[in-house]
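Numbering (the numbering used here), first residue to last: 20 to 400.
These notes concern the structure reproduced below.
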Amino acid sequence: MTRTVSEVPAGPFPGLPMSPRLLLGPGPDMVHPRVMAALSAPVLGHLDPEFLAVMDRTQQLLRYVFQTGNRLTIPVSGTGSAAMEAAVASLVEPGDRVLVCINGYFGGRIAEMARRHGGEVATIERSWGEVVGADEVRDALRERPASVVAIVHAETSTGALQPLDEIVRVVHEAGAILIVDAVTSLGGVPLSVDELGIDLCYSGTQKCLGCPPGLGPVTVGPRAEEKLARRRAPVDSWYLDLSLLQRYWGPERTYHHTAPISLNFALYEALRMIAEEGLEARWARHRANAELLWSGLEALGLTLHVPAAHRLPSLTTVRIPEGVDDGAIRARLLSEYGIEIGGGLGDLKGRVWRIGLMAHSSRPENVTLLLGALGRLLGRS
Ligand SMILES: Cc1ncc(COP(=O)(O)O)c(C=O)c1O
Numbered sequence: 020m021t022r023t024v025s026e027v028p029a030g031p032f033p034g035l036p037m038s039p040r041l042l043l044g045p046g047p048d049m050v051h052p053r054v055m056a057a058l059s060a061p062v063l064g065h066l067d068p069e070f071l072a073v074m075d076r077t078q079q080l081l082r083y084v085f086q087t088g089n090r091l092t093i094p095v096s097g098t099g100s101a102a103m104e105a106a107v108a109s110l111v112e113p114g115d116r117v118l119v120c121i122n123g124y125f126g127g128r129i130a131e132m133a134r135r136h137g138g139e140v141a142t143i144e145r146s147w148g149e150v151v152g153a154d155e156v157r158d159a160l161r162e163r164p165a166s167v168v169a170i171v172h173a174e175t176s177t178g179a180l181q182p183l184d185e186i187v188r189v190v191h192e193a194g195a196i197l198i199v200d201a202v203t204s205l206g207g208v209p210l211s212v213d214e215l216g217i218d219l220c221y222s223g224t225q226k227c228l229g230c231p232p233g234l235g236p237v238t239v240g241p242r243a244e245e246k247l248a249r250r251r252a253p254v255d256s257w258y259l260d261l262s263l264l265q266r267y268w269g270p271e272r273t274y275h276h277t278a279p280i281s282l283n284f285a286l287y288e289a290l291r292m293i294a295e296e297g298l299e300a301r302w303a304r305h306r307a308n309a310e311l312l313w314s315g316l317e318a319l320g321l322t323l324h325v326p327a328a329h330r331l332p333s334l335t336t337v338r339i340p341e342g343v344d345d346g347a348i349r350a351r352l353l354s355e356y357g358i359e360i361g362g363g364l365g366d367l368k369g370r371v372w373r374i375g376l377m378a379h380s381s382r383p384e385n386v387t388l389l390l391g392a393l394g395r396l397l398g399r400s
């Protein structure tokens, strides 16, 4: 039988773009050359003893970064949304009552996932840039008990940093389990999973961890593990079932899927760099560079969207001045200076710019360059 093979498409197919960029948006951010070099290490088999050893060390370092002793601490294959969905799919069973705190775009995404996995979702909604109070969570749980509560620690869409201490206490008093999204905080903003008592926390590699996008670290505490073990029905996502993933990452080493080897190497190198720097020093670096940015933006006469008390060091939202063309300024920053910053998302679209200073992007020279470029483009320097 003859088979016809379609012709090579006409193209053109130029090589990959190699334009130098300074990534100061909401992520991904700059990746240190050491981490890029790790991506080019020879690929190993996913059950090769040398790869298994890297997996073990990665888990140890992830426990350090999450500040936890949780056994089930792994990088899920997939971006932050995969980690989010692994958390929601694994802990929410059809008919479970779920309370989601929404003060930005990503809280809304959690609620949508919880609904799709059969949860009966109630929400607490705050305007974008504000944080949720523990008393609001207490009242909502009194009115309508829930078995799972979810909240975003660092809302990348608004630049607000959510205090967690009181909320963890309130959620536990109500007998519920707390899921925390730490996609834009882990590794750059103080967060101690065990000290706070968070039951499940997840993140993404492309933000304060300093890695390319593609993995979603997750840590699961004893109460969440117990809920997972007591499920009435299997998790309705095979790929994102945390109990199955643990059998590959745990001592059983049961094949689940082919781990993205090179990305795991990159994550391992990025975590080694975090350990070398030390978490507290890293948190302080993110804070110091953010403060430099905040004072520089204010010196340009710009207004920061979030009040200082709840401002997120890793991502800053600054209001776009009246009469300034949002898209034109961002396009010129990119074409004339090679600098990427983010536009507003959802409710804040067209109202703010989002400036990320995370991991290898969080450096004083980057702040100086951005302030200089922005000042010139706005005619304010
Ligand atoms: C707070 C937050 N949660 C979840 C996500 C989803 O992560 P990803 O885009 O890596 O899938 C993001 C991405 O920016 C985020 O900022």
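Where is the CB? At the ideal position from N, CA and C, for every residue including glycine.
Remember, predicted model here, so these are calculated numbers, not experimental data.
Asked, Found
"Gln181 burial status per 10 Å Cβ neighbour count (16 or more: buried)", "buried"
"DSSP three-state assignment for Arg90, whether helix, strand or coil", "coil"
"Ser59 versus Asp75 - alpha carbon distance", "20 Å"
"Ser314 CB to nearest heavy atom of ligand 1 below 6 Å", "no"
"Proximal residues to Val62 (C-beta, below 8 Å), its chain only, five neighbours per side dropped", "Ile280, Ser281"
"Extent of the continuous alpha helix (DSSP H) run through Ala392", "383-396"
"Gly148 beta carbon less than 7 Å from that of Val325", "yes"
"Residue closest to Ser354, alpha-carbon to alpha-carbon, out of Asn385, Ser38, Gly365, Asp200", "Ser38"
"Terminal residues of the beta strand (DSSP E) in which Val212 lies", "Unbroken run through Val212 is the alpha helix (DSSP H), 212-215; no beta strand (DSSP E)."
"Beta-carbon proximity check, Val206 vs Leu228, cutoff 7 Å", "As written in the sequence, residue 206 is Gly, which differs from the Val given in the question. Taking 7 Å as the Cβ cut-off, Gly206 and Leu228 qualify as a contacting pair."
"Gly126 - DSSP class collapsed to helix/strand/coil", "helix"
"Given Gln225 as reference, the closest of Leu261, Thr98, His329, Glu299 once Cα atoms are compared", "Thr98"
"Closest residue to Ala169 among Gly178, Glu144, Thr177 (Cα-Cα distance)", "Glu144"
"Nearest candidate by alpha-carbon position, reference Gly178, set Asp260, Ala307, Gly375", "Gly375"
"Nearest neighbour of Glu185, chosen from Gly320, Val150, Ala165, Thr203 [CA to CA]", "Val150"
"Three-state secondary structure (DSSP) of Leu81", "helix"
"Given Ile93 as reference, the closest of Lys368, Leu234, Leu66 once Cα atoms are compared", "Leu234"
"Sequence-distant residues of the same chain with beta carbon closer than 7 Å to Ala159, five excluded per side", "Leu118, Ala141, Ile143"
"The stretch 257-269 / the stretch 24-32 touching (three or more Cβ pairs under 8 Å)", "no"
"C-alpha distance - Ala4 paired with Leu321, whole-angstrom precision", "No information on residue 4 is available, as it lies outside the stretch 20 to 400 that the chain covers here."
"Check: Phe125 C-beta below 6 Å from any heavy atom of ligand 1", "yes"
"C-beta contact flag for Asp345 and Gly369 at 7 Å", "yes"
"Enclosing alpha helix (DSSP H) for Ala101 [first to last residue]", "99-110"
"Buried versus exposed call for Gly391 [16 or more other C-beta atoms within 10 Å across all chains shown]", "exposed"
"Identified DSSP bridge partners for Thr335", "Ile374"
"Nonlocal neighbours in the same chain, by C-beta distance under 7 Å from Arg213, ignoring five residues either side", "Note on residue identity: the sequence assigns Asp, not Arg, to residue 213. Correct list, in chain order: Gln86, Thr87, Gly88."
"Cβ shell of Val84 (< 8 Å), same chain only, five flanking positions each side left out", "Leu205, Gly206, Leu228, Pro236, Leu290, Ile293, Leu298"
"Limits of the unbroken alpha helix (DSSP H) element including Tyr356", "345-356"
"Continuous beta strand (DSSP E) stretch holding Ile360: start and end", "Premise fails: Ile360 is in no beta strand (DSSP E) and is neither H nor E."
"Beta carbon of Val54 nearer than 7 Å to that of Ala285", "yes"
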